[in-house]
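The structure under discussion appears below in the form of structure tokens.
Numbering (the working numbering), first residue to last: 1 to 218.
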């Protein structure tokens, strides 16, 4: 891995105007060298199964110190998977989990919708990063895994509006919710997706820039 960010991830604003999927597809179209995966619609249950398959593959391999980046629309969705990420963190010290803040990603005394950007993100055995509740990441489902011999990414955005409370949090978990995006084992696309998400992390944690594991271009 190199400490120099790839071109795809440079100069993103603190709150990106587009989703990760939109930015990634646009970047691949500009590059013109990598076939762009066809997007398709997934139900929430399908994305859960795909994410677990990627995570299980990672857990079954001895693949160095893989980079793992996951985004959750809400922190409470992440908490359902917290034990899995504790296991993943035992395989790598490069695990980053992003979510809109609730109780543990940001101090309880702070009102999450007022954070611009969130001022504090606690770190445990892996890195947790709170993003602003009006960041497009609240509409996304992203998971990127890059190891020495294995790479994959699942990049999706929600279609339609989830039901939300007055403070903007998703409160109705509907298994029929649909997301558009793609799942691929292409290393270059996975590296590009990782670069974009690492740039989002850097926006919220600028002091991390020197240590972030920017994927080297092949």
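Think of the CB as a built atom: it goes at the ideal place given N, C-alpha and C, for glycine as much as any other residue.
Assuming residue i and residue j form a contact by the criterion Cβ under 8 Å, report the distance between their Cβ atoms to the nearest whole angstrom.
i           : j           : result
residue 213 : residue 67  : 5 Å
residue 50  : residue 154 : 6 Å
residue 201 : residue 98  : 7 Å
residue 81  : residue 100 : With 8 Å as the limit, residue 81 and residue 100 do not qualify as a contact, their Cβ atoms being about 15 Å apart.
residue 147 : residue 63  : 3 Å
residue 96  : residue 69  : 5 Å
Would residue i and residue j qualify as a contact pair, given that the criterion is a beta-carbon distance under 8 Å?
i           : j           : result
residue 129 : residue 204 : yes
residue 160 : residue 21  : no
residue 127 : residue 140 : no
residue 150 : residue 65  : no
residue 59  : residue 87  : yes
residue 184 : residue 37  : yes
residue 23  : residue 196 : yes
So what does DSSP say about residue i, is it helix, strand or coil?
i           : result
residue 100 : coil
residue 141 : strand
residue 131 : coil
residue 178 : strand
residue 122 : In this prediction, residue 122 scores a pLDDT of 46, lower than 50, which makes its location untrustworthy; the coordinate-derived value is nonetheless stated afterwards. Three-state DSSP puts residue 122 in coil, outside helix and strand.
residue 47  : helix
residue 222 : With the chain covering only 1 through 218, there is no way to say anything about residue 222.
residue 17  : coil
residue 111 : Low confidence applies here, because residue 111 scores a pLDDT of 37, under 50, leaving its location unreliable; read the following figure in that light. Three-state DSSP puts residue 111 in coil, outside helix and strand.
residue 157 : strand
For residue i, which of the options has the nearest alpha-carbon?
i           : options          : result
residue 44  : 201, 142, 186    : 142
residue 186 : 33, 134, 19      : 33
residue 73  : 31, 133, 55, 26  : 133
residue 178 : 31, 138, 41      : 41
residue 131 : 39, 176, 52, 206 : 206
What do you reckon, is the C-beta of residue i under 7 Å from a heavy atom of the ligand NAD?
i           : result
residue 141 : By its list of ligands, the structure shown contains no ligand whatsoever, and the ligand NAD lies outside what it can speak to.
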